[in-house]
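To start, the structure under review is shown below, and the notes come after it.
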Amino acid sequence: MKDPRLVLFDIDGTLLRTDGVGTVCIVQALEEVFKISIDTEGYQTSRKTDTQICLELMRQAGRSDDEVLNSLDAMRLLYLPLLAKEIAEAGIEVFPGVRELLDRLSGCENILVGLLTGNIERGARMKVEATGLGDYFSFRAYGDTAVERKELPQRAVNKALVETGRTYGGKEIVILGDTPNDVECGRSLGVTSIAVATGSYTREELSKHDPDHLFEDFGDTEAVLSAILGEGQL
Ligand SMILES: [Mg+2]
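Position one of the sequence shown corresponds to residue 12 (my numbering), numbered consecutively onward.
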């Protein structure tokens, strides 16, 4: 039997590309809830959770965090139908090798495969299910329960303990993502970090953050599997 692994995938830029439709919908929903116009010129979203994006945009508009957190439910009610519509119109591209990799992982014993994402829960599910990838993920740790991305790995470990009775630690935890934040977020837990250059960062930029493994994309299934499971385990 293979050694246990808790394998956590980021969504946007890692599994699929939605060309920022999620952020456009967040902004539209916030504008509607707060009856204001939001300027997103130069605002960087790619390394942030949805909740963090809401807080930061509304701070710029002079609103308090309490006011924003109290309005998140109203914002979500508007955001989800907007996102569904955008996804249907814009479509979603799944990156090369992703389906093959998830197929192979689903056939491995002792491997818990999940999503680690800054997306609001139902929005994340919508994106993944629209591409037919939903069934591969038995385990989910979402952004609407944690404001900062760096809090997500520990929450995922806690949730895995509740669901499986097992405490995953160190290199048994594998985080796959497309940004420096994905590489850094599990550093304090000593996880295995796997970076992929299919998102908004180049291979060169990602390599500066010293991930354990770095790929152009997930096209080479055997190489990525070997990185996830540990050399010599195949
Ligand atoms: Mg990403």
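Note that the Cβ used here is the ideal one computed from N, Cα and C, for glycine as well.
- For residue 27 and residue 209, the gap between their C-alpha atoms comes out near 9 Å.
- In chain order, the residues positioned with their C-beta nearer than 7 Å to some heavy atom of ligand 1 are 21, 22, 23, 24, 25, 57, 188, 189, 190, 193, 210.
- The C-alpha of residue 76 lies about 9 Å from the C-alpha of residue 67.
- Per DSSP, residue 184 is one residue of the beta strand (DSSP E) stretching across 184 to 188.
- Looking at the DSSP output, residue 203 sits in a beta bridge with 185.
- Taking each of 65, 113, 164, 64 in turn and checking the Cα distance to residue 229, the smallest one comes out for 113.
- Membership of residue 226 in the beta strand (DSSP E) is indicated by the continuous run 224 to 226.
- In the DSSP secondary-structure assignment, residue 20 is bridged to 126, 187.
- Judged by DSSP secondary structure, residue 26 falls outside any alpha helix (DSSP H); it is assigned neither H nor E.
- In the three-state DSSP reduction, residue 159 falls in the coil class, being neither helix nor strand.
- Assignment of residue 151 by DSSP, reduced to helix, strand and coil, places it in the strand class.
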